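A.B. asks: Residue numbers (our numbering), protein chains in the order written: chain G, 1 to 280; chain H, 1001 to 1319. Note that the Cβ used here is the ideal one computed from N, Cα and C, for glycine as well. This one's a predicted model, so the numbers in the text were calculated from it and none came from an experiment.
1) For a test of the three-state rule: what should DSSP assign to residue 1165 of chain H, helix, strand or coil?
2) Under three-state DSSP, which class holds residue 75 of chain G?
3) Identify, in the order they occur along the chain, each residue of the same chain with its Cβ nearer than 6 Å to the Cβ of residue 1033 of chain H, setting aside the five sequence neighbours on each side.
4) Give the single residue among G:162, G:134 and G:181 whose Cα lies nearest to the Cα of residue 201 of chain G.
5) Check whether chain H comes within 8 Å of residue 114 of chain G, counting only Cβ atoms and requiring the distance to be less than that.
6) For residue 65 of chain G, name the three-state secondary structure that DSSP assigns.
7) Assign residue 271 of chain G to one of two classes, buried (16 or more other C-beta atoms within 10 Å of its C-beta) or exposed (fewer than that).
8) Per DSSP, which residues does residue 1176 of chain H bridge with? Please list them.
9) Going along the region 1066-1084 of chain H in order, which residues come within less than 9 Å of chain G, judged by CB to CB distance?
10) When you compare only the Cα positions, how much space is there between residue 1115 of chain H and residue 1152 of chain H?
11) Look at the Cβ atom of residue 241 of chain G, then the Cβ atom of residue 178 of chain G, and state whether they are nearer than 8 Å.
12) Counting C-beta neighbours from all protein chains within 10 Å, is the total for residue 244 of chain G 16 or more, i.e. buried, or is it exposed?
13) Give the list of continuous alpha helix (DSSP H) stretches no shorter than 4 residues that lie fully inside the region 175-260 of chain G.
14) Which residues in chain G sit within 7 Å of residue 1105 of chain H, going by Cβ to Cβ distance?
15) Say whether chain H places a C-beta atom closer than 8 Å to the C-beta of residue 110 of chain G.
16) For residue 1108 of chain H and residue 1070 of chain H, I'd like the C-alpha separation in whole angstroms.
17) Can you pull out the residues from the region 1092-1118 of chain H whose beta carbon lies closer than 7 Å to at least one beta carbon of chain G?
18) Counting along the chain, where does the beta strand (DSSP E) carrying residue 34 of chain G start and finish?
19) Comparing alpha-carbon positions, which option in G:208, G:76, G:185 and G:125 lies nearest residue 18 of chain G?
20) Sorted by chain position, which residues of the same chain lie with C-beta nearer than 6 Å to residue 1313 of chain H's C-beta, five sequence neighbours on each side aside?
21) Per the DSSP calculation, residue 1113 of chain H is bridged to which residue(s)?
22) Between residue 277 of chain G and residue 20 of chain G, is the Cβ-Cβ spacing less than 8 Å?
23) Thinking just about the alpha-carbon of each residue, which of G:54, G:70 and G:69 is nearest to the one in residue 63 of chain G?
24) Using the three-state DSSP reduction, which class does residue 52 of chain G fall into: helix, strand or coil?
25) Measure the C-alpha to C-alpha separation of residue 79 of chain G and residue 1192 of chain H and round it to an integer number of angstroms.
26) If you compare alpha carbons, which of H:1288, H:1022 and H:1291 is closest to residue 1150 of chain H?
27) Can you check which of these residues, H:1206, H:1219 and H:1216, is closest to residue 1229 of chain H by C-alpha distance?
28) Rounded to the nearest angstrom, what separates residue 1296 of chain H and residue 1281 of chain H at their Cα positions?
29) Among the residues of its own chain, which have a CB less than 8 Å from the CB of residue 1092 of chain H, if the five just before and after it don't count?
30) For residue 1046 of chain H, collect the residues of the same chain with a Cβ closer than 8 Å to its Cβ; drop the 5 residues on either side in sequence, then sort them by chain order.
31) Does the count of Cβ pairs from the region 1205-1219 of chain H and the region 1303-1310 of chain H closer than 8 Å reach three?
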């Protein structure tokens, strides 16, 4: 049984890490990072079987790919807090000579990262490949991949959605961070996604939903997705989130997609996020 | 090897060499997996599929997804070979290769058939002449363009033992088979004939044209040093420099745009280390068109006589 309270405490610290990283270098993407914190914390601190002594091939482990690489601050914080690299290293986010590049990469050897992402729409294909390899290896663990919702406007996703169903990849779980907004506005204004659930379903996926900023809903949703294994279909979880959650002035629109807080805004944000594990 | 000993033993396509090599490396190494975007027959992948059906993935007409899947398979320790036409192996999926394969350091072998003009009648939509340039610009990418069936087969087997992304380029038509069977060393130039007047450096199908031209030139009393460069990146710089320092003139030959290809790599090397008169056999910043392979090579200046003419032109520029 997951300790929901403990996961919430970790998520609170991760959110402090996010705003502090973005503030320190005055660049990066706080909005989506904040709203995805609960999902990543649930994955790395409860749902996934994984080893911080990082092994690229991940045999016998669950794997997570971040397709929407711009929310690197949440990924870095969760990896660091899970023990993949020193928490202190979060100080180097987006600095010269850092392993914590603006968008995640394997190229600088940061433990926990298995693919570069940033140019959108590629992660789901990579996850297809990893899921196929696990089936080939008779490895019964899962492959998780997160995509943004605006990211689904990239056509490559639909190639990958088609192929995952074709191969019957029931060890593949896609998580769509559905906050409804992207750089230029709402999904609806920029390019309507239409009936997302219907689209995935028609492509042959099992569609689940969860409330992405409600830790119990997240843990239940991820476990429900795992329970679909053996049915021969990949699973997508459409995850309702609120960009910027729970920092009051960052919620309610797309403004904080890719803007760094100033000193005053940082203080305001931190006052809303309890320090639970100690700031770096 | 001596020029007069280089003889064609008959015609076979380089893509057939790929198919034979893939089947063989698949039998030897169970980490090898193959993917194809609805071109199994064109890429000659049937033998691999017959031998190793569980390690073959048909991805349909979805090349971007194929490149990403290959990256995922490589992450898990597999050695993926992707198969489609050269155009769809490069231009169509440049960003997927750049981010998910090259920048992500994935051990993927991008196998590209029907490169260049010699695919013939399908015309310019399919005749990519820019792919070597695109691929060689990617940091960490190895670029190989073998010259005949035997060399393509050997290269296909050899790249499995090289850890890192590889672009392996080959073609459609039946083509003279003249290289011995056997080993393939990535990055190692092959001396086909020692000479003193001019260095001719050729890659891919144009190696045979260069052989024919060199025979004619030798009969006219011009001593040609002929080098088969199958690996364009990393370039065997030592071999090029050694030869050019001896001859003082160079002609490069390739079935590719003169911009971005082998000739440009050689020119860059020589400009930095040993400036030398150079002439280029390649397409002159143009698209191709429909026609037979032979007609196209003639029309676009990639034939035996073009190699010979460029040799004579560069000899006039020699100090």
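C.D. replies: On the basis of the supplied data:
1) If you number the second chain from 1, residue 1165 of chain H lands on position 165. Note: residue 1165 of chain H maps to coil in three-state DSSP.
2) Here residue 75 of chain G refers to the residue found at position 75 when the first chain is read from its first residue. Residue 75 of chain G: helix per DSSP, three-state reduction.
3) Against the second chain, residue 1033 of chain H aligns to sequence position 33. For residue 1033 of chain H, where only same-chain residues beyond five positions count, the Cβ hits under 6 Å are 1055, 1073, 1078 and 1080.
4) Within the first chain, residue 201 of chain G is the residue found at index 201, counting from 1. It is G:162 whose Cα lies nearest to the Cα of residue 201 of chain G.
5) Looking up residue 114 of chain G in the first chain gives position 114. At least one chain H Cβ lies under 8 Å of residue 114 of chain G.
6) On the first chain, residue 65 of chain G is found 65 positions in, with the first residue counted as 1. The answer is strand: DSSP assigns residue 65 of chain G an E or B state.
7) Sequence index remark: in the first chain, residue 271 of chain G carries index 271 (1-based). Exposed: under 16 other Cβ atoms inside 10 Å.
8) What you label residue 1176 of chain H is simply residue 176 of the second chain in a count that begins at 1. BP columns for residue 1176 of chain H point to H:1011.
9) 1066, 1067, 1068, 1069, 1070, 1071, 1072, 1073, 1074, 1075, 1076, 1077, 1078 and 1080
10) To locate residue 1115 of chain H, count along the second chain from 1; it is residue 115. To locate residue 1152 of chain H, count along the second chain from 1; it is residue 152. Residue 1115 of chain H and residue 1152 of chain H: Cα-Cα distance of roughly 13 Å.
11) What you label residue 241 of chain G is simply residue 241 of the first chain in a count that begins at 1. What you label residue 178 of chain G is simply residue 178 of the first chain in a count that begins at 1. Their beta carbons are under 8 Å apart, which means residue 241 of chain G touches residue 178 of chain G by this criterion.
12) Taking the first chain and counting its residues from 1, the one referred to as residue 244 of chain G is at position 244. With 16 or more other Cβ atoms within 10 Å, it is buried.
13) 187-190, 196-202 and 215-226
14) Stepping through the second chain from its first residue, residue 1105 of chain H is reached at position 105. What residue 1105 of chain H touches in chain G: 106 and 107.
15) Stepping through the first chain from its first residue, residue 110 of chain G is reached at position 110. Chain H contact via Cβ: absent.
16) By one-based count along the second chain, residue 1108 of chain H stands at place 108. By one-based count along the second chain, residue 1070 of chain H stands at place 70. About 6 Å.
17) 1095, 1096, 1099, 1100, 1103, 1104 and 1105
18) The residue given as residue 34 of chain G occupies position 34 in the first chain. No beta strand (DSSP E) contains residue 34 of chain G, which is instead part of the alpha helix (DSSP H) from 30-42.
19) For the purposes of this step, residue 18 of chain G is identified with residue 18 of the first chain, where counting begins at 1. The residue with the shortest Cα to Cα distance from residue 18 of chain G is G:76.
20) The count along the second chain starts at 1 and reaches residue 1313 of chain H at position 313. Here the set comprises 1279.
21) Position 113 of the second chain, counting from 1, holds the residue named residue 1113 of chain H. Beta-bridge pairing links residue 1113 of chain H to H:1085.
22) Residue mapping note: residue 277 of chain G aligns to position 277 of the first chain, counting from 1. Residue mapping note: residue 20 of chain G aligns to position 20 of the first chain, counting from 1. Not closer than 8 Å, so no.
23) The sequence position of residue 63 of chain G within the first chain is 63, counting from 1. Minimum Cα distance to residue 63 of chain G is reached at G:54.
24) The residue you call residue 52 of chain G lines up with position 52 of the first chain. In the structure shown, residue 52 of chain G sits in coil (DSSP, three-state: anything other than H, G, I, E or B).
25) In the first chain, residue 79 of chain G corresponds to position 79, counting from 1. In the second chain, residue 1192 of chain H corresponds to position 192, counting from 1. The alpha-carbon atoms of residue 79 of chain G and residue 1192 of chain H are separated by roughly 54 Å.
26) Mapped onto the second chain, residue 1150 of chain H falls at position 150. Nearest option by C-alpha distance: H:1022.
27) Sequence index remark: in the second chain, residue 1229 of chain H carries index 229 (1-based). Residue H:1206 is the option with its Cα nearest to residue 1229 of chain H.
28) If you number the second chain from 1, residue 1296 of chain H lands on position 296. If you number the second chain from 1, residue 1281 of chain H lands on position 281. Answer to the nearest angstrom: the Cα atoms are 14 Å apart.
29) As a first step, residue 1092 of chain H must be located in the second chain, where it is residue number 92. Once the five neighbours on either side are set aside, the close Cβ partners of residue 1092 of chain H are 1063 and 1064.
30) Here residue 1046 of chain H corresponds to residue number 46 of the second chain, with the count starting at 1. Only 1019 and 1040 meet the Cβ criterion.
31) yes
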